[in-house]
Amino acid sequence: MIFKYLQFVYTSSVFYNSGFKYLTENVLNQIATSADISTTNTRWILQKVDNFDDKSETWKMRYFENLNFFKYKGPVYIYIGGEGEANPRYLSAGIIKALAQETNGAMFMTEHRYYGKSLPFDDILEKVKHMKWLSSRQAMADIAHLIKSIKTNPTFKLSKVVVIGGSYAGNLAAWMRLMYSDLVDAAIASSGPVLAKKDFFEYIEKVNENYELYGTEQCLDKIKKDFATYEEMLQSSEGIEELKNKFNICPECDMNVVENQWVFFSALTGEFMSNSQYGNPQRIKEHCSKLDNSMRYNSSDTMLRNSKSNCKNFKFDSMIKDIQRDLGAYSWVYQTCTEFGYFQTTTSDSQPFGEVLPLDFFVKTCRNVYGSDFNEGRVDKGVDTTNKIYGGLSPNVTRVVFVNGDMDPWSRLGILEDLSYEAPATVIHRASHCTDLFPDAPGASEEIKEAAKHVKYLIKRWIGVDDNSEVF
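Using the numbering used here, you'd call the opening residue of the sequence shown number 122 and step up by one each time.
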C-alpha cells in the first residue's frame, strides 16, 4: 500500500492493489482499534526535496516514534511507510511490536514522501513538474537521513538498525540493505514485488489459480461464461442497454466507448483480485458459492456511484479526474508509470476474464493523468532503470528475509527461493499479502505464526540479540 481513500474500484483493482490500504482497514482495525498509542509520538524531520542536490530546498517529513520497550543498546526498528498515509497504530501491533518487546527495541515508522502529511509541496495535485522528486531512490534517501539523525543521539549510538516493510515498502526494506548497508543491519521484506514489470499479466493468472484451487467445482466456468456474456452484450446497442440496466450504469455513461468498457471490467474484476490478494481459501470458496448465472457486481462500493444518484459511473474521463483529485492515487499511479509498471492486464490466456484489460488501458491512463510525454516508452525506461539499479529478482543483499504468501498475486514478482544462506526466502502456504507482518491478527493461521517466529529468529541472529521468550 493503508486507509479510507482509495479502495474505490477504478484504481484499487487496477493500479492500487499493490498497496496496504485494504490490509490496514481489515487487519489493524481488528487488532489495534483500542490499542494504546499514547506512548507513540509524532515527530518531524527536515528533508531535502532532492536528496542528491546539496543546494536543494527542504520540507518536513513526518514519522512516529515509540520508545516504550527501549533499553540502552537495544535495536532500532524502522517500519517503512509505503504508498499511503502512515499510521501510529503500526507500532502497536504485529511483528515489529513483538520484536521490540523481545529485544528491548525502539520503534519508528516513516511516512513516504508525497503521501499523508509528508508533502514537499503544497500544490502537488496542481503541478506535474513537482512530481519529478517522487521516486524510490529519493524515499530511501529520506529514510537514510532519518537513520543518521537517530544515530547522532547518544542513546542510539550502539543500536543495530532493522528495517521492516510490506508490499512496495517491502521492496524499500530490501533495497535499503542494498543501497545503505552501512546504515541498515537487517531487513524484513514482506510481499515485496521487487521485479518491476510493465505487463504484469501474472497477477491475473494467480487469481485464476486461486479460484481453481479453492473455489467450487464450477466456479471458473461460471466466471468465464459471465464475462464472455458481458463482452458479447457490449457488441450491440440492445446488449449495451441490457447491461446498463443490469448494473445500474448511469445513462450518460456511453458504453460504446472502449475506455469506459475498460473501467467497467476493471471494477468487475476487482472483487476477484481482492479475494486473492487479501483473502484466504474460505473467502474464495464463499465467493464462488454466491456467484450465479447472473453474477451481480457488489454495489456497496459507493465510489462507483454518480454523486447525484445511485447509478454507477464507469467513465474513463471520470476515473482520470478521480486520480487527479486524490493525493494517494495521484502519487502511486505516478510511481507505477515512472518506475514499476505493475500493470495488471488480462493479456494471458490462462485466466477467466477474457481480453478485457489490455496494456493500453494502463498506458493511456498514465498519459491522460500526467501528460502526453508519459507514454509507453517512458514506462519501459522506468522499469528497465529500476531493475538495473536494484537487481530485479537477484538483488545483491545479505541479512534480508523475503516473505511471501503463496496465494498473493504479487508473489509472482517476488523472491520465492533463497538467494543465499544470508538472504533466505519464506513462502507461507495459504497466506496472502503481508499477513506475516500481523501474526497476532484474529484468525492468523499456524503457518503464518510459525513463519513469523522464524523471521524473528533470523533477525535476532543477524543483529546478535539473544532469542528471549516470545510474545507469540
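All C-beta atoms in this analysis are idealised placements derived from N, C-alpha and C, irrespective of residue type, glycine included.
Everything numeric in this text was worked out from a predicted model, so none of it was measured.
Distance from the CA atom of Ala307 to the CA atom of Phe495, rounded to whole angstroms, is 36 Å. Ile285 is bridged by DSSP to Tyr200, Ile309.
In the displayed model, Ser395 falls within a helix according to three-state DSSP. Every unbroken stretch of the alpha helix (DSSP H) spanning 4 or more residues and falling wholly within the segment 229-291 is given here in chain order: 257-272. Of all C-beta pairs linking the segment 539-548 to the segment 344-352, fewer than three are shorter than 8 Å, placing the two stretches out of contact.
Gly564 and Phe190 have their C-alpha atoms some 26 Å from each other. Taking the C-beta atoms as reference points, Gly535 is found no nearer than 7 Å to Ile549.
For Ala565, the secondary structure class from DSSP, reduced to helix, strand or coil, is coil.
In the DSSP assignment, Gln356 falls outside any beta strand (DSSP E) and carries neither an H nor an E.
In the DSSP assignment, Asn208 forms no beta bridge with any residue.
Leu255 and Ser452 do touch by the CB rule: their CB atoms are close to 6 Å apart, below 8 Å. Take Ser270, set aside five residues on each side of it, and the residues of its chain with a beta-carbon closer than 7 Å to its own are Ile166, in chain order. When secondary structure is reduced to three states using DSSP, Ser541 falls in the strand class. DSSP, read as helix, strand or coil, puts Leu167 in strand.
Taking the C-beta atoms as reference points, Ala294 is found nearer than 7 Å to Val284. Contact between the segment 172-180 and the segment 209-217 is absent: fewer than three C-beta pairs spanning the two stretches fall below 8 Å. The C-alpha of Lys436 is placed about 27 Å away from the C-alpha of Lys250. One Cα belongs to Asp505, the other to Ser257, and the distance between them is close to 14 Å. Counting the other Cβ atoms within 10 Å of the Cβ of Asp438 gives fewer than 16, which makes it exposed. Around the beta carbon of Asp529, 16 or more other beta carbons sit within 10 angstroms, so the residue counts as buried. 7 Å or more divides the Cβ of Asn366 from the Cβ of Ser471.
Distances from the alpha-carbon of Ile199 to those of Lys218, Glu206, Gly205 put Lys218 closest. Excluding residues up to 5 positions away in sequence, Pro196, Lys281, Val283, Asp306, Ala307 lie with their Cβ nearer than 7 Å to the Cβ of Ile584 in the same chain. Annotation for Phe322: no beta strand (DSSP E) segment contains it, and DSSP assigns it neither H nor E. Residue nearest to His575 within the set Asp561, Ala552, Val524, Arg183 is Val524 (criterion: CA-CA distance). Between the alpha carbons of Val477 and Ile245 lies a gap of roughly 32 Å.
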